[in-house]
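Enquirer: Once you've had a glance at the structure underneath, I'll fire off some questions.
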Amino acid sequence: MSIPEIYKQWFLKLLLGPGDTMTFRKYRDEPLDLEGIDNIYIHVPFCRNKCPYCPYFKELYYEQQAGFFGDSLLREIELHTGWLNGKEIQSLYVGGGTPTLLNTYLIRAIDRLRVVCTLQNVAIETTPTEINNRVTVELGRMGCNLISLGVQDFNPKYLDFLGRKYTVADVFRAIDKLEQLHYRNFNIDLIFAMPGQTLEELDRTLQIAVDTGANQLTLYPLFTFPYSVTGLSRELSHVVMPDGKTRKQMYYHIRDTLTAKGYKQVSVWSFLKGNTLKYSSVTRDKYLGLGPSAGTYTGKQFLFNTFNITEYIPITIRGQIPGSYIMDVSPRLERLFWIYWRLYETKIPLNSYKTRFGSDFMKDYGKWIQIMEQLGYALRTEDQIELTKKGIHRIHLLQNHFALEYINRIWTASTMEHPPEEIRLSALH
Ligand SMILES: C[S@@+](CC[C@H](N)C(=O)[O-])C[C@H]1O[C@@H](n2cnc3c(N)ncnc32)[C@H](O)[C@@H]1O
Ligand code: SF4
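Set out below in C-alpha cells:
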C-alpha cells in the first residue's frame, strides 16, 4: 500500500461511520432529489484531436455524430424543465472536450434554459484553434461571461510535447478576439511540471501569462492518468516525470510569483486578480450534469451519466435520464464532500458551514483543525480556516490521490464491456 493510500484509509476510518458507504450502484431510473440544485454543467464530449495526456471523456469530432449528440442534449434538458421552472441558476458551466465545436446546439440549449429559468452566469471552456470571429460572436450570443482558454504553455517546445496543434502566435490571436467579449472573468489554463521543464522555463511562461492581462491563471501539474495515452503509450511511458521535490519547488514558485503580483489564491491551482467572480467548474455545491459522463450532485445522491455516446442518444430518445451509476450520500459524507471542496478552495468559511448544515464547524471538526494548526497546515481566524502554503501543498497531494484513484475506478468500470453492478470507492466496508 502506498503512503497516500495509508493516509487515505486512516482518514476515512476516522471520519466515516458504519453507514457511510462510498459505493456506486447501477442507476435504474430511480427518482432524483433535484429541487435544491442551483448550478448546471453540460459536458460536450468532442475534440478535433485527442491530446495524448488528456483524461477527460471525449471522442473525435464528426459533424453527424455531434449533431445526434446535440439533439440528445436538447432532449435531456426537456427532462428537467419541470423542476427548473422559475429557478434562479447561479451558474451554467459548459466543459468538455471542446464545447465551442457545438455552438449552434449550445445556443439553442441556452435559449431554452433561459425560457425556463434564470441563468446568472454562463461559463465555457475553449481552445486557441477554435477561436475566430464567428465563434466570438456566438459566445457573445450565448451570454458567456466566464471564459477559460486552454493555452497549456507559451513555449513551443512544450506545446509540441503536449501534442497541441497551434503556435504561440495563434494563442495571442485567440486572446485578442476573446478580449472583445464582455466577460466577468477570463481564465487561462496552463500545465507545468512537464518532463525536462526547468524553473526558468516555467517562470518565462508565467510572466507571459501575467502580461496577457487575464483575470485568472490556473496551473495544473501534468497528471498521468492510467487511461489517458500518457499513462499507456509506449512512446511516453519511458518519459521521466519531475520528482516530488521539483514539483513542489515549481508549485511554490508559481504561488509566490503570482501572490507577489497581486493575485489571490482561489483554489489549489487557480489565482485570481481583481475583485471578480472566479472561474471554477468543480467547486459548485449542488449541480445538475447534462451530457455523457457528467455528474449530478444533489447533496443526497451522486449520479454519473453514461460514458457511452451511442448509449446516451437512445436513452434520451426514450425520455429517460441517461444515468449509469448512482451513490447515496449519507449526511456525514455530505459534510465531508463539502469540506473537501472548501479545502480545494484553500479556505473554510465558518458561516457558510453553519448556513449549509445548521451546526458549528469547530464543534464538529475542531479537533482536526487543531491537528492541522499544530502541523502548520492551517490558520484559524474569527470567520474562517485558511490553509497555509505548506498545508495547501500537502492537502493537494492527498486530494490528487483521492481524485485520480476514484475517477480512475469509476472511469474503468463505466467503460468496461460488462460494467460491474457496484463500484466501491472505499475499501472500508
Ligand atoms: C478538459 S480540458 C478543456 C480545455 C480545452 N479542450 C483545451 O484543451 O484547451 C481543461 C483543462 O484540463 C487541463 N488538463 C487536461 N489534461 C491534463 C493533465 N493530464 N494534467 C494536467 N492538466 C490537464 C488542461 O489545462 C486543460 O486546459
Ligand atoms: S486537452 Fe482539451 S482539446 Fe485536448 S483532448 Fe482534452 S479536452 Fe480535447
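Numbering-wise, my numbering comes out as the position in the sequence shown, counting from 1, plus 9.
The beta carbon of each residue, even a glycine, is placed where N, CA and C say it ideally should be.
Using a 10 Å radius around the Cβ and a threshold of 16 neighbouring Cβ atoms, would you call Thr239 buried or exposed?
Expert: In this prediction, Thr239 scores a pLDDT of 48, lower than 50, which makes its location untrustworthy; no coordinate-derived value is stated.
Enquirer: Going straight from the alpha carbon of Arg243 to that of Pro137, what length do you get?
Expert: The predicted model places Arg243 with a pLDDT of 47, which falls under 50 and marks its position as unreliable; any figure quoted below should be read in that light. If I take the Cα positions, the gap works out to 28 Å.
Enquirer: Decide if Asp369 is buried, meaning its Cβ has at least 16 other Cβ atoms within 10 Å, or exposed.
Expert: Flag for Asp369 reads exposed.
Enquirer: What is the DSSP secondary structure of Lys174, reduced to helix, strand or coil?
Expert: coil
Enquirer: Sorted by chain position, which residues of the same chain lie with C-beta nearer than 7 Å to Glu44's C-beta, five sequence neighbours on each side aside?
Expert: Trp92
Enquirer: Under a three-way DSSP split, which group does Thr145 fall into?
Expert: helix
Enquirer: Hey, could you find the ends of the alpha helix (DSSP H) Thr255 is sitting in?
Expert: 253 to 269
Enquirer: Looking only at C-alpha atoms, which of Arg403, Pro429, Leu434 sits nearest to Tyr415?
Expert: Leu434
Enquirer: Roughly how many angstroms separate the alpha carbons of Gly28 and Gln206, rounded to a whole number?
Expert: Each residue's Cα considered, the two are about 46 Å apart.
Enquirer: Give the residues whose C-beta lies closer than 7 Å to at least one heavy atom of ligand 2, in chain order.
Expert: Cys56, Asn58, Lys59, Cys60, Cys63, Tyr65, Lys67, Gly105, Gly106, Thr107, Thr136, Gly159
Enquirer: Taking the continuous alpha helix (DSSP H) assigned at Lys398, which residues delimit it?
Expert: Annotation for Lys398: the continuous alpha helix (DSSP H) segment containing it runs 398 to 423.
Enquirer: Report yes or no: do the segment 57 to 64 and the segment 169 to 178 share at least 3 C-beta pairs separated by less than 8 Å?
Expert: Result yes; three or more Cβ-Cβ pairs closer than 8 Å.
Enquirer: Out of Gln258, Met203, Leu155, Tyr167, state which residue places its alpha-carbon closest to the alpha-carbon of Asn224.
Expert: Leu155
Enquirer: Out of curiosity, what's the CA-to-CA distance linking Tyr102 and Lys282?
Expert: So the alpha carbons of these two residues sit roughly 21 Å apart.
Enquirer: Along the chain, which unbroken stretches of the beta strand (DSSP E) at least 3 residues long are found entirely within the segment 22 to 65?
Expert: Runs of the beta strand (DSSP E) inside the segment 22 to 65: 32 to 35, 48 to 53.
Enquirer: Roughly how far, in whole angstroms, is the beta-carbon of Ile378 from the beta-carbon of Met371, given that I think they are within contact range, below 8 Å?
Expert: 7 Å
Enquirer: Measuring from the CB of Tyr102, is there a heavy atom of ligand 1 at a distance below 7 Å?
Expert: For Tyr102, the shortest separation between its Cβ and any heavy atom of ligand 1 does not lie below 7 Å.
Enquirer: If you reduce the DSSP assignment to three classes, tell me which class Val238 lands in.
Expert: Only weak support is given to the placement of Val238: the predicted model assigns it a pLDDT of 49, under 50, and the value that follows is read from those uncertain coordinates. Val238: helix per DSSP, three-state reduction.
Enquirer: In the DSSP assignment, find the alpha helix (DSSP H) that holds Asn112 and state where it starts and stops.
Expert: 112 to 125
Enquirer: Between the C-alpha atoms of Glu391 and Thr176, what's the straight-line distance to the nearest angstrom?
Expert: Near 48 Å, if we compare the C-alpha coordinates of Thr176 and Glu391.
Enquirer: Between Tyr229 and ligand 1, is the CB less than 7 Å from at least one heavy atom?
Expert: yes
Enquirer: Is Thr107 near Val53, with beta carbons less than 8 Å apart?
Expert: yes
Enquirer: Can you tell me whether Thr227 is buried or exposed? The criterion is at least 16 other CB atoms within 10 Å of its CB, across all chains shown.
Expert: buried
Enquirer: Round the Cβ separation of Thr355 and Gln274 to the nearest angstrom and send it over; I've been treating them as touching at under 8 Å.
Expert: 6 Å
Enquirer: Just how far apart, CA to CA, sit Arg150 and Leu190?
Expert: 10 Å
Enquirer: Verify the contact flag: Ile324, CB atom, against every heavy atom of ligand 1, threshold strictly below 7 Å.
Expert: The nearest non-hydrogen atom of ligand 1 is 7 Å or more from the C-beta of Ile324.
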